[in-house]
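*Asks:* Before anything else, here's the structure in question.
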Amino acid sequence: MTGHSYIVYGPLSNGVTQVMYEGTPDTPHKGRFWEIVDKYGVTILYTAPTLIRTMMKWGDEIPAEYSLSTLRLLGSVGEPINPEAWMWYRQHVGRGELPIVDTWWQTETGSMMISPLPGVTAAKPGSAMTALPGISADVVDDQGQSVPNGGGGYLVLRDPWPSMLRTIWGDDNRFIETYWSRFGAGASGNAGDEWIYFAGDGAKKDDDGHIWLLGRVDDVMLVSGHNISTTEVESALVSHPAVAEAAVVGATDPTTGQAIVAFAIPRGSTETAGEAGEQLIADLRNHVAKTLGPIAKPRQIMLVPELPKTRSGKIMRRLLRDVAENRSLGDVTTLQDSSVMELIASGMGGGKSDED
Numbered sequence: 000m001t002g003h004s005y006i007v008y009g010p011l012s013n014g015v016t017q018v019m020y021e022g023t024p025d026t027p028h029k030g031r032f033w034e035i036v037d038k039y040g041v042t043i044l045y046t047a048p049t050l051i052r053t054m055m056k057w058g059d060e061i062p063a064e065y066s067l068s069t070l071r072l073l074g075s076v077g078e079p080i081n082p083e084a085w086m087w088y089r090q091h092v093g094r095g096e097l098p099i100v101d102t103w104w105q106t107e108t109g110s111m112m113i114s115p116l117p118g119v120t121a122a123k124p125g126s127a128m129t130a131l132p133g134i135s136a137d138v139v140d141d142q143g144q145s146v147p148n149g150g151g152g153y154l155v156l157r158d159p160w161p162s163m164l165r166t167i168w169g170d171d172n173r174f175i176e177t178y179w180s181r182f183g184a185g186a187s188g189n190a191g192d193e194w195i196y197f198a199g200d201g202a203k204k205d206d207d208g209h210i211w212l213l214g215r216v217d218d219v220m221l222v223s224g225h226n227i228s229t230t231e232v233e234s235a236l237v238s239h240p241a242v243a244e245a246a247v248v249g250a251t252d253p254t255t256g257q258a259i260v261a262f263a264i265p266r267g268s269t270e271t272a273g274e275a276g277e278q279l280i281a282d283l284r285n286h287v288a289k290t291l292g293p294i295a296k297p298r299q300i301m302l303v304p305e306l307p308k309t310r311s312g313k314i315m316r317r318l319l320r321d322v323a324e325n326r327s328l329g330d331v332t333t334l335q336d337s338s339v340m341e342l343i344a345s346g347m348g349g350g351k352s353d354e355d
């Protein structure tokens, strides 16, 4: 979707000059992105939170070596951005003044659905804010009823939109079952009922009615009867000054049903060997408990040098669940670096904690 809508059709039809970069962001050096921005006078930068957190891990001094004065708009895409990454992006890339559009959409929607409007919306770090004009996004409960401000539930789209998907090629029934059967007419079969598109993502409304994405509903963990979003725990971990990036999964637990297992990449030169690593893990568990409550304290935290990511930068939590539950690894062919999983799996024996 980024490839065709936001690299080909949209920008080129509007006469935009584009810079595409293929390769890892640290080749031949960690300032490669910012070097490109300065060299070509890039004005709009659209990237993923996982890359922003990687840049955070490398250090503030790297973007500081470059002017970045041509930039006028920053974008975030691909997954919810945690407030800490949002603030770093604005401060160290956006000179503390540029607007950030935190965009939500899917391949299936064909275009952005939820995003701040630069120069119009007073953005909140970590929130995609409100639906774009003409888009009817809502957050609903299990019965498909809108939740009040301050409530959480499922992200849905209530009305058609110009770039919407029409079916799944050759499989109309799967199209209905996957996207329309959870709520509305797709669920009841009554043609007169409202059709509601279910995106598969969880979300919440804050007290002002602004939308905060919580990631895939498949990534919501049920711990001792409490629904806990992996995104919330990951954000709590990254808010600790020693953590650059984190991924969280739910693993089967005989006592709590599911337990929280976290994988964290330490920042910079953070000492993680021996007692220092054990102390950091204890500190991180307590930090999450203090931030979100004791029920969200991870059962286990593993300090890792990298996380398994696809070539587009998305974290493969499915593989981390395999590791957390001691299962054989699933398909790793889509990973940017499959050796990452070998490192994680071989070190999984560490990082455990038996604390209550």
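The sequence shown lines up with residues 0 to 355 when you count with numbering that gives the first Met the number 0.
Where a beta carbon is used, it is the ideal one built from N, C-alpha and C, also for glycine.
Keep in mind the model is a prediction, meaning the values are calculated, not measured.
In this structure, does DSSP put Ala127 in helix, strand or coil?
*Replies:* Along the sequence shown, read from residue 1 onward, the residue named residue 127 stands at position 128. Three-state result, Ala127: coil.
*Asks:* Skipping 5 residues on each side, what residues in its chain have a beta carbon closer than 7 Å to that of Tyr196?
*Replies:* Against the sequence shown, residue 196 aligns to sequence position 197. These residues qualify, in order along the chain: Val155, Leu156, Tyr178, Trp179.
*Asks:* Going straight from the alpha carbon of Leu131 to that of Asp192, what length do you get?
*Replies:* For this step, residue 131 is matched to residue 132 along the sequence shown. For this step, residue 192 is matched to residue 193 along the sequence shown. When rounded, the distance between both Cα atoms is 25 Å.
*Asks:* Taking DSSP's pairing of strands, which residues face Val139 in a bridge?
*Replies:* As a first step, residue 139 must be located in the sequence shown, where it is residue number 140. Ser145, Tyr153.
*Asks:* Less than 8 Å between C-beta atoms, sequence neighbours within five positions excluded: which residues of the same chain meet that for Val36?
*Replies:* Position 37 of the sequence shown, counted from the start, is the residue given in the question as residue 36. Counting only Cβ-Cβ distances below 8 Å, and skipping sequence neighbours, we find Leu44, Tyr65, Leu67, Thr69, Leu70.
*Asks:* Are the stretch 158 to 171 and the stretch 103 to 120 touching, with three or more C-beta to C-beta distances below 8 Å?
*Replies:* Taking 8 Å as the limit for Cβ pairs, the verdict is that the stretch 103 to 120 does touch the stretch 158 to 171.
*Asks:* DSSP three-state call for Ser68: helix, strand or coil?
*Replies:* Taking the sequence shown and counting its residues from 1, one reaches residue 68 at position 69. It is coil, neither helix nor strand.
*Asks:* Alpha carbons only, please: which of Trp168, Gly118, Lys296, Gln257 is nearest the one belonging to Arg320?
*Replies:* Taking the sequence shown and counting its residues from 1, the one referred to as residue 320 is at position 321. Comparing Cα positions, the closest option is Gln257.
*Asks:* So the candidates are Asp205, Glu96, Gly214, Pro265; which of them puts its Cα closest to the Cα of Pro117?
*Replies:* Within the sequence shown, residue 117 is the residue found at index 118, counting from 1. For the residues Asp205, Glu96, Gly214, Pro265, the minimum Cα distance to Pro117 belongs to Glu96.
*Asks:* Under 7 Å Cβ to Cβ from Gly276, same chain only, skipping five residues before and after it: list those, please.
*Replies:* Taking the first residue of the sequence shown as 1, we reach residue 276 at position 277. If we look at Gly276 and ignore the five residues flanking it on each side, its Cβ neighbours are Leu302.
*Asks:* Quick one: is the Cβ of Gln90 within less than 8 Å of any heavy atom of the ligand MG?
*Replies:* Absent from the structure shown: the ligand MG. Ligands present: none.
*Asks:* Answer with buried or exposed for Trp103, where buried requires no fewer than 16 other C-beta atoms within 10 angstroms of its C-beta.
*Replies:* As a first step, residue 103 is located in the sequence shown; it is residue number 104 there, counting from the start. Looking at its Cβ environment, which holds 16 or more other Cβ atoms inside 10 Å, Trp103 is buried.
*Asks:* State the DSSP-derived secondary structure class of Arg317, mapped to helix, strand or coil.
*Replies:* By one-based count along the sequence shown, residue 317 stands at place 318. Helix, per DSSP.
*Asks:* So, is Leu73 buried or exposed, given that buried needs 16 or more other C-beta atoms within 10 angstroms?
*Replies:* Translated into the one-based positions of the sequence shown, residue 73 becomes position 74. Looking at its Cβ environment, which holds 16 or more other Cβ atoms inside 10 Å, Leu73 is buried.
*Asks:* Whole angstroms are fine: how far does the CA of Pro10 sit from the CA of Glu244?
*Replies:* The residue given as residue 244 occupies position 245 in the sequence shown. The residue given as residue 10 occupies position 11 in the sequence shown. Between Glu244 and Pro10, the C-alpha separation is close to 31 Å.
*Asks:* Here's the rule I'm using: 16 or more other beta-carbon atoms within 10 Å means buried, otherwise exposed. How should Val229 be labelled?
*Replies:* Here residue 229 refers to the residue found at position 230 when the sequence shown is read from its first residue. Val is not the amino acid found at residue 229; the sequence shown has Thr there. Answer is buried; the Cβ neighbour count reaches 16.
*Asks:* Would you tell me roughly how many angstroms separate the C-alpha atoms of Leu279 and Ala198, rounded to the nearest one?
*Replies:* Along the sequence shown, read from residue 1 onward, the residue named residue 279 stands at position 280. Along the sequence shown, read from residue 1 onward, the residue named residue 198 stands at position 199. Using only the alpha carbons, I get a separation of about 37 Å.
*Asks:* Could you give the distance in angstroms between the alpha-carbon of Ile380 and the alpha-carbon of Arg326?
*Replies:* With the chain covering 0 to 355 only, the question about residue 380 has no answer from this structure.
*Asks:* Flag this pair as touching only if the stretch 127 to 141 and the stretch 234 to 242 have three or more C-beta atom pairs under 8 Å; answer yes or no.
*Replies:* No: fewer than three Cβ pairs fall under 8 Å.
*Asks:* Under 8 Å: do the stretch 258 to 268 and the stretch 282 to 301 share three or more Cβ pairs, one atom per stretch?
*Replies:* The stretch 258 to 268, when compared against the stretch 282 to 301, does touch it at the 8 Å Cβ threshold.
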